[in-house]
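Protein chains in written order, with the UniProt record's numbering: chain A, 1 to 367; chain B, 1 to 150.
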């Protein structure tokens, strides 16, 4: 039975008015501009774009401001906005080999063409709070070197010559799109990658960590991690050729995994892949580990029953918007549902009590 | 008057205009001697483009996520049609990109090239070089400590 109950409007309006006031906070403190969020909270902006599955730094900054810094709420706003956009088309696959790299490191080879480029990293900082940031001050300009203008080749391309690493042959197959058709299982790798790249960073991180601790262990090395921008090209029907429609910043991680061989594959190095919008290094590494764990079937490995191998478990639960929607709906009014539960439990209690009394009377009669 | 245009050349300027900052484009456009009027063939609209990557960087395409794009099509007074496809949600940027695309097919091409495309190209290359230079300064120079054994 559905019973419409009115009367919440005024409370809701007032709650939203107070929300706006709380969002602004103490008015003696300067208000944040979207440009400040975009420029100075860039990694939050990146996470919101990656999991919101929409690359637009200004919109992500707006979403962060509107959500008071609740990033899952901000991601929700991005996803909702995304659904209002007409789809103009799909890009050609981005060429990450041509990336203008801000950062590029390999944990497998010390001397790689292009070198180990650290970029603006938190690595090697001491993780001590820097109280200088609490004060305003001019920043010295970071040093410059001789810019590299040629593309930086992928590290895995060096192993490929030796035929000791699994090949990833190019194809022009049209991938499935989870924003257009619901996921089905078993899912192919392209569906898994689309789901993982917009999946919750914390969830993907936890799954990846579980593989390192021994649940579907797959001995990952970071063959390469690169961060930088790539051009996005799209075919323009009215022109009959492709143009660049912009640039996106991406983080790409390729893991190289020891593999003893299986019933179907020779001993070789296998690969896990992570590609995520923005500078999102933790997420890209985690994505590569989870991608590799989910590939057990196509590589002929055993299913050891680990959570990270279970694609239905991983893919169905990594989306923080789906998860939030279902989790948080239980706080909304369920008065009628609960009323019927209450009636049921009262009835069960009456029956249990009656049965207890009857049993006691039977025992007393027997004595 | 529309001239024959090589697709490569047109791809070059349209690509450049796609990622030009709105404010900069407006400022450069104002330096042109004549700014043609236009009729809309397709008014500016914002939409999404699904960006694809490749599995393992080289393999099968997969859907990475969308980006915002604004596009429009217009016709300037002499009948030349221009298209604008720009990253983000700026209708003004799309309009100017389309107008400049049209002008690049006319006798105004030399002036547009000189006053708008050349500076944009130089600024883009300089910005890219500046980042690459900062990256280069963070490149590790490995060296081995030789231990004295004698």
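Virtual Cβ for every residue (Gly too), placed ideally from N, Cα, C. Here the structure is a predicted model, which means the values were calculated and not measured.
Residue i - containing beta strand (DSSP E), residue span
i: residue 268 of chain A; result: 268 to 277
i: residue 39 of chain B; result: 38 to 54
i: residue 61 of chain B; result: 61 to 76
i: residue 131 of chain A; result: Careful: residue 131 of chain A lies outside any beta strand (DSSP E) and carries neither H nor E.
i: residue 90 of chain A; result: 87 to 90
Closer than 7 angstroms to chain B by CB, residue i
i: residue 301 of chain A; result: no
i: residue 118 of chain A; result: yes
i: residue 75 of chain A; result: no
i: residue 203 of chain A; result: no
i: residue 341 of chain A; result: no
i: residue 93 of chain A; result: yes
i: residue 142 of chain A; result: yes
i: residue 24 of chain A; result: no
i: residue 193 of chain A; result: yes
i: residue 81 of chain A; result: no
Residue environment, residue i, which counts as buried when at least 16 other CB atoms sit within 10 Å
i: residue 83 of chain B; result: buried
i: residue 134 of chain B; result: buried
i: residue 346 of chain A; result: exposed
i: residue 44 of chain B; result: buried
i: residue 13 of chain B; result: buried
i: residue 286 of chain A; result: buried
i: residue 175 of chain A; result: buried
i: residue 25 of chain B; result: buried
i: residue 216 of chain A; result: buried
i: residue 246 of chain A; result: buried
i: residue 258 of chain A; result: exposed
Residue i - DSSP class collapsed to helix/strand/coil
i: residue 334 of chain A; result: coil
i: residue 224 of chain A; result: strand
i: residue 99 of chain A; result: coil
i: residue 345 of chain A; result: helix
i: residue 367 of chain A; result: coil
i: residue 8 of chain B; result: helix
i: residue 251 of chain A; result: strand
i: residue 234 of chain A; result: strand
i: residue 229 of chain A; result: strand
i: residue 94 of chain A; result: coil
i: residue 112 of chain A; result: coil
i: residue 148 of chain A; result: coil
i: residue 178 of chain A; result: coil
i: residue 104 of chain A; result: strand
i: residue 165 of chain A; result: strand
i: residue 187 of chain B; result: A query on residue 187 of chain B cannot be resolved here, the shown segment of chain B reaching from 1 to 150 and no further.
i: residue 83 of chain A; result: coil
i: residue 62 of chain A; result: helix
i: residue 170 of chain A; result: coil
i: residue 16 of chain A; result: helix
i: residue 141 of chain A; result: coil
i: residue 145 of chain B; result: coil
i: residue 1 of chain A; result: Below a pLDDT of 50, predicted positions are generally treated as unreliable, and residue 1 of chain A, at 49, falls in that range; the measurement from the model is reported next regardless. DSSP places residue 1 of chain A in coil when its eight states are reduced to three.
i: residue 6 of chain A; result: coil
i: residue 45 of chain A; result: helix
Within-7 angstroms CB hit, residue i to chain A
i: residue 143 of chain B; result: no
i: residue 56 of chain B; result: yes
i: residue 15 of chain B; result: yes
i: residue 87 of chain B; result: yes
i: residue 64 of chain B; result: yes
i: residue 134 of chain B; result: yes
i: residue 128 of chain B; result: yes
i: residue 103 of chain B; result: no
Limits of the unbroken alpha helix (DSSP H) element including residue i
i: residue 124 of chain B; result: 118 to 137
i: residue 446 of chain A; result: The structure shown does not extend to residue 446 of chain A, since chain A spans only 1 to 367, so no value can be given for it.
i: residue 156 of chain A; result: 156 to 160
i: residue 239 of chain A; result: Unbroken run through residue 239 of chain A: none, as it is neither H nor E.
i: residue 36 of chain A; result: 34 to 40
i: residue 206 of chain A; result: 201 to 212
i: residue 99 of chain B; result: 91 to 103
i: residue 290 of chain A; result: 281 to 294
i: residue 23 of chain B; result: 22 to 29
i: residue 111 of chain B; result: 109 to 112
i: residue 194 of chain A; result: 189 to 197
Identified DSSP bridge partners for residue i
i: residue 54 of chain A; result: B:66
i: residue 259 of chain A; result: A:268
i: residue 85 of chain B; result: B:71
i: residue 244 of chain A; result: A:233
i: residue 314 of chain A; result: Answer by DSSP bridge pairing: none, since residue 314 of chain A is not bridged.
i: residue 117 of chain A; result: A:104 and B:139
Short CB-CB distance (under 7 angstroms) between residue i and chain D
i: residue 19 of chain B; result: The structure shown contains no chain D; its protein chains are A and B.
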